[in-house]
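Novice:
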Amino acid sequence: MNPGALIAVVLFSIACVAVLAATYAGMDPKGAQDLWDDIAIYVYLLGGVTGFFGALWIFSSFVRWRNRKRRTYTRYQLVLSQSDEATVETVAAAYETLVQTIRVSTLSRMSTGQPYVAFESWFTPSRDGGETGMVRLMLVCEDHTLRGVMGALRQAYPDLTVRPHSSADPSVPLRITAVNFNPGHVLRVNKSRTYTAPLVTAAGPGESDARSTMAAVIRQQQALGRVSSVRWCIMPAGDWVDSSTVRRLQAASSPGMGGLQFGPINRPDPATSTDINQAMMLGGGAMSYLELQAAVEQGTVTHPRTGKTRPESFGEMMNACRQLLGPAMSRRALNQLTHRYMILRQPLYRRRWATAEPPLWPQPNGSTLVSPRELGALMELPSLGSEHSLPLQRSTVPQLNAPPGLARASIIDLPVPPEVPLTGPPPGRSAHTAPADDEAPIEVVDAELVDDTPQER
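If you're matching positions, the sequence shown starts at 0 in numbering that gives the first Met the number 0 and goes up one per residue.
This is the structure:
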């Protein structure tokens, strides 16, 4: 809850309790009336402010819900390349470009809302024994933002494509409108400490992460061996959050400013300041809300002795989801991810899974705010060099686009001279005469006609 709203509610409650206690405890009615006259203006003011902000929150929630229902999101299957592999700095720059691409202005956020982008990993076990199953990486976004999202991702992965609708026309992507998945349990994670504490350790430019969290999550899906889905949902924060984050990082790394300090107030922790300064230099400024969630279908459990089957319990499904998100929660720096207990809101998040909707309101304490560098650490796509055994669909043809001003060539069939027959022996030689050793057999092939005329500039 917002601290200002919490203080207002507490003061209003104290005033009401004081008036009721004075009225029913035998106090003189005139004295109670005088007490009420003294505090009435403050009680009315607090009540009006609380009611105004409450009505504003309800109206904003309705507008957000209406705007989300009006948008149309589509799933596209990502096809990875055979050779794309990027450093941490390049991946962070790509995700910062992605956040800036889908971020809208403050006025648009208030009127139409902020769109989001989600990445999903769907695992389907194999029906035959001994197989590894199939993993599909999905991209969830609006149709008009697909080109911008792919352009931002190709900054780090130049050959990344989406699955085409048909081989005849590769330019039309395949749109997946429905998913046959009924989640039985959904698990969410967020930061355990303040959002300014980074999830990644300090690393210099050009250094590699040495592991992909997304690839480790896919391996956990394989090890679990059941239908499961993991989602990384990105919603850009407002522009004012970027400047606020910079001020909080500066306060945390400066002496005498409090913040993320574990010793005396006037002496900051050197290790803490190093990681925070590195996060300020390399983390970027485009902050976003990251909803990292995992879901599994409810299965059955067979008793080892009696052989009876029963549905999985709440705790068993939660442990399965914790196994899926274990690689993400194992990243430890100044901050770490921890799971959230959702007992009463489970039906709500199970219904939202089909549409990939994030929460209507983000966490007030900013526990889901991440920087582009943290996005790159948690969402680096699996590369073939280090993750060659993952059952992912990869493209074997690189996207080598020619410059637009280059003249294209065409393949034509050259006419055969009439004096050179296509069949039969050459002139002056019978069909039973073998060719000489220094003569090569005549072969008629197609030729390539290249336009070598000078281009006008």
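Beta carbons: idealized from backbone N, C-alpha and C, even for Gly.
Between the Cα of Val226 and those of Tyr288, Phe180, Val245, spot the shortest distance and give me the residue it belongs to.
Specialist: Between Val226 and the set Tyr288, Phe180, Val245, the nearest pair of CA atoms involves Phe180.
Novice: Mark Arg187 as exposed unless 16 or more other C-beta atoms lie within 10 angstroms of its C-beta, in which case mark it buried.
Specialist: buried
Novice: Taking the alpha helix (DSSP H) that Tyr94 belongs to, which residues open and close that run?
Specialist: 87 to 101
Novice: Looking at C-alpha atoms only, which residue of Asp83, Gln345, Met213, Gly365 is the closest neighbour of Pro157?
Specialist: Asp83
Novice: Check the C-beta distance from Thr195 over to Thr244 and give it rounded, since I have them as a contact under 8 Å.
Specialist: 6 Å
Novice: Under 8 Å Cβ to Cβ from Thr478, same chain only, skipping five residues before and after it: list those, please.
Specialist: As shown, the chain starts at 0 and ends at 456. That puts residue 478 outside it, with no answer to give.
Novice: Less than 8 Å between C-beta atoms, sequence neighbours within five positions excluded: which residues of the same chain meet that for Pro358?
Specialist: Glu290
Novice: What distance in whole Å lies between the Cβ atoms of Ser211 and Glu379, which are believed to be in contact at a cut-off of 8 Å?
Specialist: 5 Å
Novice: Taking one C-beta from the segment 339 to 347 and one from the segment 97 to 114 each time, how about it: are there three or more such pairs within less than 8 Å?
Specialist: no
Novice: Counting pairs of Cβ atoms below 8 Å between the segment 131 to 140 and the segment 51 to 70, do you hit three or more?
Specialist: no
Novice: Mapping the DSSP letters down to three states, classify Met316 as helix, strand or coil.
Specialist: helix
Novice: Going by C-alpha distance, which of Gln392, Gly375, Leu391 is nearest Ala85?
Specialist: Gly375
Novice: With DSSP collapsed to three states, give me the class of Ile40.
Specialist: helix
Novice: Would you give the residue range spanned by the alpha helix (DSSP H) that Leu145 belongs to?
Specialist: 145 to 152
Novice: For Ala165 and Pro363, what's the separation of their Cα atoms in angstroms?
Specialist: Per the sequence shown, the amino acid found at residue 165 is Ser instead of Ala. Rounded to whole angstroms, Ser165 to Pro363 spans 45 Å at the Cα level.
Novice: Below 6 Å CB to CB, which residues in the same chain sit around Ser59 once its five sequence neighbours on both sides are set aside?
Specialist: none
Novice: How would you write the range of the beta strand (DSSP E) that Ile233 sits in, first residue to last?
Specialist: 227 to 235
Novice: Between Ala93 and the rest of its own chain, which residues show a CB-CB distance below 7 Å, the 5 nearest in sequence each way excluded?
Specialist: Ala151, Leu152, Gln154, Ala155
Novice: How many Å lie between Ile38 and Ser12 at the Cα?
Specialist: One C-alpha to the other measures close to 13 Å.
Novice: Using 8 Å as the threshold, is the segment 111 to 126 in touch with the segment 219 to 235, meaning 3 or more CB pairs across them?
Specialist: yes
Novice: In the DSSP assignment, what residue or residues form a beta bridge with Val78?
Specialist: DSSP lists Thr160 as partners of Val78.
Novice: Quick one: Cα of Met137 to Cα of Arg126, how far?
Specialist: 22 Å
Novice: Rounding to the nearest angstrom, what Cα-Cα distance links Leu223 and Val148 in this structure?
Specialist: Taken atom to atom, the span from the alpha-carbon of Leu223 to that of Val148 is near 31 Å.
Novice: Identify every run of the alpha helix (DSSP H) within the segment 319 to 400, keeping only runs that are complete inside it and at least 4 residues long; order them along the chain.
Specialist: 325 to 328, 345 to 351, 371 to 377
Novice: Report buried or exposed for Ala43, applying the criterion of at least 16 other Cβ atoms within 10 angstroms of its Cβ.
Specialist: At residue 43 the sequence reads Tyr, which differs from the Ala that was named. So Tyr43 ends up on the exposed side.
Novice: My understanding is that Leu377 touches Met286, with C-beta atoms under 8 Å, so please give their C-beta distance in whole angstroms.
Specialist: Not quite, the Cβ-Cβ distance comes to about 14 Å (not below 8 Å), so this is no contact.
Novice: Please state if the CB of Ile175 and the CB of Arg74 are separated by a distance shorter than 7 Å.
Specialist: yes
Novice: Using 10 angstroms around the beta-carbon of Lys190, count the other beta-carbons present and answer buried if the total reaches 16, otherwise exposed.
Specialist: buried
Novice: Residue range of the beta strand (DSSP E) that Gln292 falls in?
Specialist: 287 to 295
Novice: With DSSP run on the structure shown, which of helix, strand or coil describes Lys307?
Specialist: Reduced to three states, the DSSP call for Lys307 is coil.
Novice: Identify every residue that forms a DSSP beta bridge with Lys68.
Specialist: Bridge partners of Lys68: none, in fact.
Novice: Is the Cβ-Cβ distance between Asn334 and Arg192 less than 7 Å?
Specialist: Yes, the pair counts as a contact, with Cβ atoms nearer than the cut-off.
Novice: Would the beta-carbon of Leu97 fall within 7 Å of that of Arg393?
Specialist: no
Novice: Given this structure, state the Cα-to-Cα distance separating Arg65 from Ser170, to the nearest angstrom.
Specialist: If I take the Cα positions, the gap works out to 33 Å.
Novice: Give the straight-line distance between the Cα atoms of Pro361 and Ala117, rounded to the nearest whole angstrom.
Specialist: Spanning the two alpha carbons is a distance of roughly 16 Å.
Novice: Inspect the beta-carbon positions of Ala332 and Leu198 and report whether they are closer than 7 Å.
Specialist: yes
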